[in-house]
Amino acid sequence: MAAASMETTMDHTNTPALAGQMMRQPLLISALLRHADRYYGSREIVSRREDGSLHRYTWRDCHSRTRRLAKALGALGVQAGERVATLAWNGYRHLELYYAISGSGAVMHTINPRLHAEQLAFIINDAQDSIVFFERSMLLLIATIAPACPSVKAFVLLGDAGERPDMLRIPNVLCYEELIAGHPDDYEWPLLDEQAASSLCYTSGTTGNPKGVLYSHRSTMLHSYASVMPDALNLSSRDCIMPVVPMFHVNAWGLPYSAALVGAKLVLPGAALDGKSLYELCEREGVTVSAGVPTIWLGLLDHAREQGLGFRSFRRAVVGGSACPPAMMEAFRSRHQIEVVHAFGMTELSPVGTVCTLQAHHLDLPEHEQRQILQSQGRVLFGVDMKVTGDDGAELPWDGQASGHLMVRGPWVIGAYYGQAANSALDEGWFATGDVASISADGYLRITDRSKDVIKSGGEWIGSIDLENIAMAHPGVQQAACIGVFHPKWDERPLLVVVRKPGALVDRAALLDYYSGKIAKWWTPDDVVFVDTLPVGATGKVLKNRIREQFRDYRLPTA
Ligand code: AMP
Numbered sequence: 011m012a013a014a015s016m017e018t019t020m021d022h023t024n025t026p027a028l029a030g031q032m033m034r035q036p037l038l039i040s041a042l043l044r045h046a047d048r049y050y051g052s053r054e055i056v057s058r059r060e061d062g063s064l065h066r067y068t069w070r071d072c073h074s075r076t077r078r079l080a081k082a083l084g085a086l087g088v089q090a091g092e093r094v095a096t097l098a099w100n101g102y103r104h105l106e107l108y109y110a111i112s113g114s115g116a117v118m119h120t121i122n123p124r125l126h127a128e129q130l131a132f133i134i135n136d137a138q139d140s141i142v143f144f145e146r147s148m149l150l151l152i153a154t155i156a157p158a159c160p161s162v163k164a165f166v167l168l169g170d171a172g173e174r175p176d177m178l179r180i181p182n183v184l185c186y187e188e189l190i191a192g193h194p195d196d197y198e199w200p201l202l203d204e205q206a207a208s209s210l211c212y213t214s215g216t217t218g219n220p221k222g223v224l225y226s227h228r229s230t231m232l233h234s235y236a237s238v239m240p241d242a243l244n245l246s247s248r249d250c251i252m253p254v255v256p257m258f259h260v261n262a263w264g265l266p267y268s269a270a271l272v273g274a275k276l277v278l279p280g281a282a283l284d285g286k287s288l289y290e291l292c293e294r295e296g297v298t299v300s301a302g303v304p305t306i307w308l309g310l311l312d313h314a315r316e317q318g319l320g321f322r323s324f325r326r327a328v329v330g331g332s333a334c335p336p337a338m339m340e341a342f343r344s345r346h347q348i349e350v351v352h353a354f355g356m357t358e359l360s361p362v363g364t365v366c367t368l369q370a371h372h373l374d375l376p377e378h379e380q381r382q383i384l385q386s387q388g389r390v391l392f393g394v395d396m397k398v399t400g401d402d403g404a405e406l407p408w409d410g411q412a413s414g415h416l417m418v419r420g421p422w423v424i425g426a427y428y429g430q431a432a433n434s435a436l437d438e439g440w441f442a443t444g445d446v447a448s449i450s451a452d453g454y455l456r457i458t459d460r461s462k463d464v465i466k467s468g469g470e471w472i473g474s475i476d477l478e479n480i481a482m483a484h485p486g487v488q489q490a491a492c493i494g495v496f497h498p499k500w501d502e503r504p505l506l507v508v509v510r511k512p513g514a515l516v517d518r519a520a521l522l523d524y525y526s527g528k529i530a531k532w533w534t535p536d537d538v539v540f541v542d543t544l545p546v547g548a549t550g551k552v553l554k555n556r557i558r559e560q561f562r563d564y565r566l567p568t569a
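Just so it is clear: in the sequence shown, position 371 is 381 by this note's numbering, and no numbers are missing.
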């Protein structure tokens, strides 16, 4: 057992007996952009706009426009700590907002535009946002929610001068380019307290109302430092980074910050996330590393396969947000020589907690054993600490077998949800992730399930992720989800819900047979149903609760 739980979380500091005498420079988000401008000023940022055209400029241009925007926010009366929201795709104006809002002391509140109107209004009201920046394609949505959001003083269209959408009679609509046009770029970034709130993101909220996670400058900066390291996302100034993961969800896994930290080229794909658009952007701009949830990669891999295409520069795909199916890793590796970097994280973790890379003592292992390790969720970034516990709260051994509740702590892990009392999200100094996992002797995390997705069969737990990964390795399967359905004797048994690959003829018997020898026999699903699509949520993840609802009354075959 690792000595993980011996110290308690330190969330206070005492007055030192002898203070160190180094510069007291707070860790501030504005420093990232200043750094990128000063040392990597000519590196490009390329964005796909809503009309499909490409916009390109440099980190230096970005800094200049961001300072003008910060001035404009001041002119609008935005105060320190005030929440300013965005409903926007990955693009240069969104990037400017990231830095101008947080850098000037206000709180950058990114909102997922794929949520329902009521959920959006709930989030805006909960956060008491004072300004909402939005894309042209979201005009109708804004017109719908505006009357229900009394805290909002102005809505700002992310558009060119003269594009004001008067016709929808949204009160107080401004235009982004007109807003910044009148301001010079001589804004001086304020020296803020590094513990000040910098940004706010609401959890996906698959059950109940979404809850806010309020990041600080310090947590964001430490996460940025840690996430670029070689055994983490391994980013450098030579990279060309394309965050497919949206900037409206957990800060695009911190990539808008880490790209500035290392001085990389940044490629922002906008709303066009289909395989063809991503492929073209990737090839045209020389993307070396990209990041996203597994569903997004399906489209890209399919497009490349159907068109017989290869990649000239793409080297690393960071996959996280849901378990990466081994079959997907294999497709990237064997067809395209692209390394998949499997990462685990969550909104409450800023988001990166673990990343999977090999250690020195693994390098002599046979390739198939290395691949097995690389399929796990990997090891913690320095700063994060983890453990798994049983139902009684006792820590379980690190033996790769015992699976229990995954608990985490660290300087970029949540202490309390927005508006709640300090540390109220913690259990004896640890945050319960809601995931079920095991940890191997050398510290590799393996997520077996979300607690609520575990299939409870005869008092034992069956992890649905393993069952889905096996199904998705079958050549006839496009996507698979496994859920527990009622069984009169065992309480629950696994039901496999499958989307076939176009033209594939795979049937129930062949799929069930495919499990033989790969897992304990009693884990094999009791039945298979074929569907046209799986429900996918606003962040691109398969919605298991929706599937459970759909098959609530499903009767498994007896015998
Ligand atoms: P969110 O806060 O919406 O980003 O969701 C976080 C949740 O996604 C985690 O608690 C996990 O259940 C799941 N998740 C994230 N990354 C992985 C991964 N690599 N493998 C399995 N589940 C993951």
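Just so it is clear, CB atoms sit at the ideal spot from N, CA and C, and this is done for glycine as well.
Give a single yes or no on whether Asp445 has its beta carbon closer than 6 angstroms to a heavy atom of the ligand AMP.
Flag set: Cβ of Asp445 near the ligand AMP.
Considering only C-alpha positions, which residue in the set Leu522, Lys499, Asp437 is nearest to Val507?
Measuring from the Cα of Val507, the nearest candidate turns out to be Leu522.
Between Asn244, Val538, Ala158, which lies nearest to Tyr524 when the distance is taken from Cα to Cα?
Comparing alpha carbon positions, the residue from Asn244, Val538, Ala158 closest to Tyr524 is Val538.
Asp459 - DSSP class collapsed to helix/strand/coil:
Looking at Asp459 - three-state DSSP - the assignment turns out to be strand.
Please state if the CB of Gln138 and the CB of Ser161 are separated by a distance shorter than 7 angstroms.
Contact flag set, yes.
Would DSSP call Met239 helix, strand or coil?
In this structure, Met239 counts as coil in the three-state DSSP scheme.
Own chain partners of Ala432 with C-beta closer than 7 angstroms, once the 5 adjacent residues on each side are dropped:
Same-chain partners within the cutoff: Gly425, Ala426.
Enclosing alpha helix (DSSP H) for Gln380 [first to last residue]:
Run containing Gln380: 377-384, per the alpha helix (DSSP H) assignment.
Below 8 angstroms on the Cβ atoms is my guess for Trp99 versus Glu173; work out the distance and round it to an integer in Å.
16 angstroms between Cβ atoms; not a contact.
Check this for me: beta carbons of Ala110 and Leu79, under 7 angstroms apart or not?
With contacts defined as CB atoms closer than 7 angstroms, Ala110 and Leu79 qualify as a contacting pair.
Please go through the segment 460-506 and give each complete alpha helix (DSSP H) segment of 4 or more residues, from N-terminal end onward.
Correct list: 474-482.
Taking 6 angstroms as the cut-off, is the CB of Ile457 close to at least one heavy atom of the ligand AMP?
Yes, the beta carbon of Ile457 sits closer than 6 angstroms to at least one heavy atom of the ligand AMP.
For the candidate residues Ile155, Glu187, Gly169, Asp170, whose alpha-carbon lies nearest to that of Ile180?
Minimum Cα distance to Ile180 is reached at Ile155.
Helix, strand or coil for Arg556, going by three-state DSSP, please let me know.
Arg556 carries a helical assignment under DSSP once its states are collapsed to helix, strand and coil.
Supposed contact pair Tyr267 and Ile39 - C-beta distance, whole angstroms, cut 8 angstroms:
Rounded to the nearest angstrom, the Cβ distance from Ile39 to Tyr267 is 7 angstroms, consistent with a contact under 8 angstroms.
Use the C-beta contact count for Trp307: other C-beta atoms within 10 angstroms, 16 or more gives buried, fewer gives exposed.
Within a 10 Å sphere around the beta-carbon of Trp307 sit 16 or more other beta-carbons, which makes this residue buried.
If you draw a straight line from the alpha carbon of Val94 to that of Ser140, how long is it in whole angstroms?
Going by the C-alpha atoms only, they are around 6 angstroms apart.
Quick one: residues in its chain with C-beta nearer than 6 angstroms to the C-beta of Pro36, no 5 flanking neighbours on either side, listed in chain order?
Excluding positions up to five away in sequence, the list reads Glu204.
Do you know how far the Cα of Val277 is from the Cα of Arg53?
Whole-angstrom Cα-Cα distance: 11 angstroms.
Presumed contact (8 angstroms Cβ cut-off) between Tyr186 and Lys81, rounded CB distance:
Tyr186 to Lys81, Cβ: 14 angstroms. No contact.
Give the DSSP bridge partners of Gly280, in chain order.
Answer is Asn100, bridged to Gly280.
Measuring only from the beta carbon, is Met396 closer than 6 angstroms to any heavy atom that is part of the ligand AMP?
No, since every heavy atom of the ligand AMP falls outside the 6 angstroms radius drawn around the Cβ of Met396.
Quick check: is any heavy atom of the ligand AMP less than 6 angstroms from the C-beta of Phe354?
Yes; taking the cut-off as 6 angstroms, the Cβ of Phe354 has a heavy atom of the ligand AMP nearer than that.
Among residues of its own chain, excluding the 5 on either side of Ser208, which ones have a beta-carbon nearer than 7 angstroms to its beta-carbon?
Once the five neighbours on either side are set aside, the close Cβ partners of Ser208 are Ile39, Ser112, Val117, Met118, Tyr225, Ser226, His227, Thr230.
Please report the straight-line C-alpha distance between Arg565 and Leu265, rounded to a whole angstrom.
Straight through space, the alpha carbons of Leu265 and Arg565 are spaced by roughly 45 angstroms.
Excluding the 5 residues flanking Val516 on each side, which residues of the same chain have their C-beta closer than 7 angstroms to its C-beta?
Its chain contains His484, Gly486, Val487, Arg510 as the residues whose beta carbon lies nearer than 7 angstroms to that of Val516, once the 5 sequence neighbours on both sides are disregarded; these appear in chain order.
Cα-Cα, which of Leu125, Ser450, Trp533 is closest to Ser574?
Absent from the model: residue 574. The displayed extent of the chain is 11 to 569, so no value can be given.
Taking buried to mean at least 16 other C-beta atoms within 10 Å of its own C-beta, is Leu232 buried or exposed?
Burial of Leu232 is indicated by the presence of at least 16 other C-beta atoms within 10 angstroms of its C-beta.
If contacts are defined as beta-carbon pairs under 8 angstroms, then Asp249 and Thr298 qualify, I think. What distance do you get, rounded to the angstrom?
About 5 angstroms; that satisfies the 8 angstroms criterion.
Where does the unbroken alpha helix (DSSP H) through Tyr524 begin, and where does it stop?
First-last of the alpha helix (DSSP H) with Tyr524: 518-524.
Could you please give the first and the last residue of the uninterrupted alpha helix (DSSP H) stretch that includes Ser1?
In the structure as shown, the chain begins at 11 and stops at 569. Residue 1 is therefore absent and cannot be evaluated.
If you run the structure through DSSP and keep just helix, strand and coil, what is Cys334?
Coil, per DSSP.
Any heavy atom of the ligand AMP closer than 6 angstroms to the beta-carbon of Thr357?
Under cutoff, so the answer is yes.
Does Pro266 come out as helix, strand or coil in the three-state DSSP assignment?
Pro266: helix per DSSP, three-state reduction.
In terms of residue numbering, what span does the beta strand (DSSP E) encompassing Asp537 cover?
Element bounds for Asp537: 537-540.
If we ignore side chains and look at the alpha-carbon of each, how far apart do Ala14 and Lys551 end up?
The predicted model places Ala14 with a pLDDT of 46, which falls under 50 and marks its position as unreliable; any figure quoted below should be read in that light. Going by the C-alpha atoms only, they are around 31 angstroms apart.
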